[in-house]
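Chains as they are written, first to last, in the numbering used here: chain A, 32 to 157; chain B, 32 to 157.
Ideal Cβ placement from N, Cα and C applies to all residues, glycine included.
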DNA sequence: ACACTTCAAGTACAGTTGTACTGCAAACTT
DNA sequence: AAGTTTGCAGTACAACTGTACTTGAAGTGT
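(1) Which first and last residues belong to the beta strand (DSSP E) in which residue 93(A) is found?
(2) At the 9 Å Cβ level, is residue 109(A) part of the contact set with chain B, yes or no?
(3) Can we say the segment 98 to 108 of chain B touches the segment 78 to 89 of chain B, given the rule of at least three CB pairs closer than 8 Å?
(4) Taking only beta-carbon atoms, is residue 69(B) less than 9 Å away from chain A?
(5) Which of the three DSSP states is assigned to residue 150(B) in this structure?
(6) I'd like to know whether the C-beta of residue 96(B) is nearer than 9 Å to at least one C-beta of chain A.
(7) For residue 152(A), is the classification buried or exposed, using 16 other Cβ atoms within 10 angstroms of its Cβ as the cut-off for buried?
(8) Please confirm whether residue 150(A) has its beta-carbon closer than 9 Å to some beta-carbon of chain B.
(9) Give me whichever residues DSSP pairs with residue 56(B) in a beta bridge.
(10) For residue 57(B), tell me which candidate among 73(B), 135(B), 66(B) has the shortest Cα-Cα distance.
(11) Cβ atoms of residue 47(A) and residue 105(A): under 9 Å apart, would you say?
(12) Would residue 124(A) be called buried (16 or more neighbouring beta carbons within 10 Å of its own) or exposed?
(13) Whose C-beta lies closer than 8 Å to the C-beta of residue 60(A) among residues of the same chain, with five residues either side of it excluded?
(14) In chain order, what residues of the same chain lie with their CB nearer than 8 Å to the CB of residue 142(A), ignoring the 5 residues before and after it?
(15) Along chain B, which residues have their Cβ under 9 Å away from the Cβ of residue 122(A)?
(16) With 9 Å as the threshold, decide whether the Cβ of residue 86(B) is near any Cβ in chain A.
(17) May I have the straight-line CA-CA distance separating residue 127(A) from residue 70(B), to the nearest angstrom?
(18) Can you give me the start and stop residues for the alpha helix (DSSP H) that residue 76(B) sits inside?
(19) Where do the ends of the alpha helix (DSSP H) carrying residue 135(A) lie?
(20) Kindly list the residues whose CB is nearer than 6 Å to the CB of residue 113(B), restricted to its own chain and excluding five residues on each side of it in sequence; keep chain order.
(21) Taking 8 Å as the cut-off, is the C-beta of residue 138(B) nearer than that to any heavy atom in the ligand NAP?
(22) Among the residues of its own chain, which have a CB less than 8 Å from the CB of residue 42(A), if the five just before and after it don't count?
(23) So which residues of chain B does residue 127(A) contact, with C-beta pairs closer than 8 Å?
(24) Give me the Cα-Cα distance between residue 119(B) and residue 40(A), rounded to the nearest whole angstrom.
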């Protein structure tokens, strides 16, 4: 599977909103995104259309409005996107990225705890 | 600082090679990259030129050849790139990405050990 | 019913990206 | 020295991106 063209940055944002709020019309997506950054209604519309063309979303008419839903799970998109990044930027080596995330991006104490558990679990399981 | 335009995927690969092998001519970069994927000599050349235009590399003539050097540390580029990705794809939340990396991308036992130490260190030393 | 407001659809358009061909000069071969 | 190879500079170009304007139909207030 997976012959979707990669998401562009703008498309990612819109996809994220779709995951967050579930199936929604352009207006709703636009409103949600507007809370975080300024973006034109029509721009959001374009991103949604492109998301659909690329296979990441589907839509149906609902009266006058068009309702978009995500067709791909966050997990999948994350995998595809991050794998590609790791490949390109680190030649496939995961650790530099993990190090950066833990060291340089303020994680909360609880996050660190969670990670420790996660690591334990990984070490035995499998 | 940091008003560099973001790197594209192809540019990233070339930047990585530059970090890896240090200052080098087009040929050398092309050879190194060719070990991993097929790519045209002239394409690499273009990427190097663009890297320079964007401020990520500099070059000097050395006789007939042109030698490119990275001008930005990996660390910096990683930060900029990953921060942007986290912003767009996770709305700024770091953990989903860390989770994905640890759970879904086969880390070696030693990597896990290293992480554990890293986490310990983070938790005490501010 | 008429003016006014909403919105989807289509169109636009410059900048970026991926990818590569062409032209020419320097260097190497015979 | 003429031919062949090497490698940079320049140019090309379609697809993709970011961003938004325009047009026209549907819905709303009076």
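Straight from the coordinates:
(1) In the first chain, the residue the question calls residue 93(A) occupies position 62. Note, residue 93(A): beta strand (DSSP E), 88 to 93.
(2) Against the first chain, residue 109(A) aligns to sequence position 78. Interface residue, yes.
(3) The segment 98 to 108 of chain B vs the segment 78 to 89 of chain B: in contact.
(4) The sequence position of residue 69(B) within the second chain is 38, counting from 1. It does not; no Cβ of chain A falls within 9 Å.
(5) Taking the second chain and counting its residues from 1, one reaches residue 150(B) at position 119. Looking at residue 150(B) - three-state DSSP - the assignment turns out to be helix.
(6) As a first step, residue 96(B) must be located in the second chain, where it is residue number 65. Answer no: the Cβ-Cβ gap between residue 96(B) and chain A never drops below 9 Å.
(7) Stepping through the first chain from its first residue, residue 152(A) is reached at position 121. Looking at its Cβ environment, which holds fewer than 16 other Cβ atoms inside 10 Å, residue 152(A) is exposed.
(8) Walking along the first chain from the start, residue 150(A) turns up at place 119. Yes, residue 150(A) lies at the interface with chain B (some Cβ there is under 9 Å from its Cβ).
(9) Within the second chain, residue 56(B) is the residue found at index 25, counting from 1. Partner(s): 98(B).
(10) Residue numbering aside, residue 57(B) sits at position 26 when the second chain is read from its first letter. With respect to the C-alpha of residue 57(B), the residue from 73(B), 135(B), 66(B) having the closest C-alpha is 73(B).
(11) Looking up residue 105(A) in the first chain gives position 74. Looking up residue 47(A) in the first chain gives position 16. Contact annotation: residue 105(A) and residue 47(A) have beta-carbon atoms nearer than 9 Å.
(12) Reading the first chain from its first residue, position 93 is the one you call residue 124(A). In the assembly as shown, residue 124(A) is an exposed residue. Its beta-carbon has fewer than 16 other beta-carbons within 10 Å.
(13) What you label residue 60(A) is simply residue 29 of the first chain in a count that begins at 1. Correct list, in chain order: 45, 48, 49, 52, 75, 79, 99.
(14) As a working note, residue 142(A) is residue 111 in the first chain. Closer than 8 Å at Cβ, skipping near neighbours: no residue.
(15) Against the first chain, residue 122(A) aligns to sequence position 91. Near residue 122(A) (Cβ distances below 9 Å), the residues of chain B are 44, 47, 48, 51, 67.
(16) Counting from 1 along the second chain, the entry for residue 86(B) is found at position 55. By this cut-off, residue 86(B) is not an interface position.
(17) Residue mapping note: residue 127(A) aligns to position 96 of the first chain, counting from 1. Residue mapping note: residue 70(B) aligns to position 39 of the second chain, counting from 1. Roughly 25 Å separates the two Cα atoms.
(18) Working through the second chain from its first residue, we reach residue 76(B) at position 45. Its alpha helix (DSSP H) spans residues 72 to 84.
(19) In the first chain, residue 135(A) corresponds to position 104, counting from 1. Here the alpha helix (DSSP H) through residue 135(A) covers 126 to 135.
(20) Within the second chain, numbered from 1, the residue matching residue 113(B) stands at position 82. Hits under 6 Å: none found.
(21) This structure lacks the ligand NAP, and indeed carries no ligand of any kind.
(22) Mapped onto the first chain, residue 42(A) falls at position 11. Contacts found: 78, 81, 82, 85, 87.
(23) Along the first chain, read from residue 1 onward, the residue named residue 127(A) stands at position 96. 105, 109, listed in chain order.
(24) Counted from its first residue, the second chain places residue 119(B) at position 88. Counted from its first residue, the first chain places residue 40(A) at position 9. Their backbone Cα atoms lie some 6 Å apart in a straight line.
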